[in-house]
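Chemist: Just dropping this structure here.
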Amino acid sequence: MRLSIMGVLLCATLVACVNVMPQKDFNLEKMAGKWWVVGFATNAKWFMNRKAGMKMGTSMMLPTAGGNLDISSAMRNSDGSCWRMTELAKKTDIPGRFTFISQRWNNENDMRVVAVQYDDFALIHTIKTKHGVTDVLNKLFSRTPEVSADVQKKFMQFSLDTGILSGNIVFLPRNGECAEA
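Going letter by letter, the sequence shown gives residues -17 to -1, 1 to 164 in mature numbering (1 follows the signal peptide of the UniProt record, and there is no 0).
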């Protein structure tokens, strides 16, 4: 009993315990277009101080000719300005799995599209590593600012299954949209 509890605790702190695979029939071309970031879940320390102020944003996902995914994200700040970030997620040998090094945060990212209905939602699981510290980040994307209760439940259960504490799973409030850059 004591050993199994220690295993669960070790698993929760290592976060890489669950081997999350991308959706089997992943189609890169169908990811193209605008997505709203409606859900966010992580146990990362920085999140505790920032989660109350986080708001919904958008991401444009554009497949490249080489099979990579160009992701441009934007979120309106409280002062009306826009926060923007662009990443080039490089394909791996596994469809739906990408890697990139964030220029803004200087961390390594192993990103997996674990569930997607291309006209509705996408659930993306990312393992982020910086200075030997690994965090899991789950994001729920939607084609509209609203998401169904069933999709919310799916996101919450997946986040719990990947070691995220229930208090660290948030559905983001709507926010003004940034104009295309």
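Backbone N, C-alpha and C define an ideal beta-carbon position, used for all residues, glycine too. Owing to the predicted nature of the structure, the values given are computational and were not obtained by experimental measurement.
Hey, Pro156 and Val97 are a contact pair by Cβ (cut 8 Å); roughly how many whole angstroms apart?
Modeler: 25 Å between Cβ atoms; not a contact.
Chemist: Can you round the beta-carbon distance between Asp133 and Ile110 to whole angstroms, since I take them to be within the 8 Å contact cut?
Modeler: With a Cβ gap of about 26 Å, Asp133 and Ile110 do not count as contacting.
Chemist: Quick one: residues in its chain with C-beta nearer than 6 Å to the C-beta of Met139, no 5 flanking neighbours on either side, listed in chain order?
Modeler: The answer, listed in chain order, is Ile152.
Chemist: DSSP state of Arg(-16), grouped into three classes?
Modeler: Because the pLDDT of Arg(-16) is 39, which lies under 50, any placement of that residue in the model is unreliable, and the question is left without a value.
Chemist: For Trp66, write down the residues that DSSP places opposite it in a beta bridge.
Modeler: Met58.
Chemist: Hey, could you find the ends of the alpha helix (DSSP H) Asn32 is sitting in?
Modeler: First-last of the alpha helix (DSSP H) with Asn32: 28 to 33.
Chemist: Check whether the Cβ atoms of Phe23 and Lys122 sit closer than 8 Å, and answer yes or no.
Modeler: For Phe23 and Lys122, yes; Cβs fall inside 8 Å.
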